[in-house]
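For reference, the structure is listed below as C-alpha cells.
Here's what the structure looks like:
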C-alpha cells in the first residue's frame, strides 16, 4: 500500500528505508512508496502522474487480459536468451536499461531495441534518485537519454530504481517524454532465490492488468521465465510491452465504471 511522505521499500529492508526520509518528504513534496510483493492496481501507485484512472478499467473485458512484463537492470548477457524465450511464447516485454551499462553491451542493447520489444530508461547510474539534487537528477536522466539514443532508442517509459520516486521526479521524467511506472507484482529475484520461488511469487499474482517486475541480471529469473509465461498462457493472458498495456487499459475503460469513479478535477 502506498503511503505519502515515505521512501520506497528497499531491498535491504524497511527499517533501513525509514531511517532516512528523502528531502522531498521534509519539504512536503509527495514521495511514493513502492510495495514489494503484491502492490495495488491504482493509478497513483502504478503510473503516478498518468491521465488514466485505473479505477475506471473493467478488468473482466477481453481487452484487459494483458500483463506487462518488465525486466530491469540491463543491458545484460542474459538478454539474448530472454529474447529467445519471449519469441518462443509469442510474448513481449519492456526492458528498463541503465545507461552506464550500454557501452559494454551495445550490441545486445541494439538487438533488444530492434527485436519488437520495448526499451525504457532506468536512469544512468541506478541511484536513489530522490536523494539527488535537482541538477543531479536532470543530469542522470539526460545521460541515460543519450546512452539510449546511441542504440536507437527514444524511451517513453521510466522505471525509477528501487521504486524511489516523488512528484518532482515524475514531472522530470515527463519533461523527458517518459511516463513513470512502478509494478503490481515483484518477483523479488534480487533476493537471489531459486527459479521455483520466483515463479511462485509471480504466478500467484498473475491477473489482468498486472505489471510484473523482474531483473535480467539473475540467472534464476531467466530459468523461471518459461514456466511463468506458460501459466499466463493457460490463464488466457497475453504478455505485452508497457505501451501495449497502456493501450489495452485505455480500451478497457467503461462508461459504467467511469460514472462510479469519476476522474478527479485537475487544479
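In this note's numbering, the protein residues as written are 496 to 762.
Think of the CB as a built atom: it goes at the ideal place given N, C-alpha and C, for glycine as much as any other residue.
Bear in mind the structure is a predicted one, so any value in this text is a computation, not a measurement.
Residue 597 places its beta carbon 7 Å or farther from that of residue 617. By DSSP's assignment, residue 733 forms a beta bridge with 561.
Annotation for residue 614: the continuous beta strand (DSSP E) segment containing it runs 613-616. Of all alpha-carbon atoms in 530, 543, 529, the one lying nearest the alpha-carbon of residue 666 is that of 543. If you look at residue 695, you'll find it isn't in any beta strand (DSSP E); it sits in the alpha helix (DSSP H) that goes 690-698. Residue 601 and residue 537 have their alpha carbons spaced roughly 36 Å apart.
Selection 568, 611, 584 evaluated against residue 622 yields 568 as nearest (Cα-Cα).
Look at the segment 615-682 and you find these whole runs of alpha helix (DSSP H), each 4 residues long or longer: 629-644, 662-670. Straight-line measurement puts the Cα of residue 551 at about 8 Å from the Cα of residue 750. Here residue 568 carries a strand assignment [DSSP, helix/strand/coil]. DSSP links residue 749 through a beta bridge to no other residue. Per DSSP, the unbroken beta strand (DSSP E) holding residue 708 starts and ends at 706-710. Residue pairing of residue 552 in beta bridges, as defined by DSSP: 748. If you look at residue 589, you'll find it in the beta strand (DSSP E) that goes 589-592.
Below 8 Å, enough C-beta pairs join the segment 710-717 and the segment 679-692 to call them touching: three or more.
About 5 Å separates the Cβ atoms of residue 671 and residue 636, confirming a contact at the 8 Å cut-off. Excluding the 5 residues flanking it on each side, residue 612 has same chain C-beta neighbours closer than 8 Å at 578, 581, 587, 588, 589, 590, 736, in chain order. Shown here for residue 700: same chain residues with a beta carbon closer than 6 Å to its own, the five before and five after excluded, namely 533, 680 in chain order. Rounded to the nearest angstrom, the gap between the Cα atoms of residue 693 and residue 725 is 14 Å. The DSSP-derived three-state label of residue 743 is helix.
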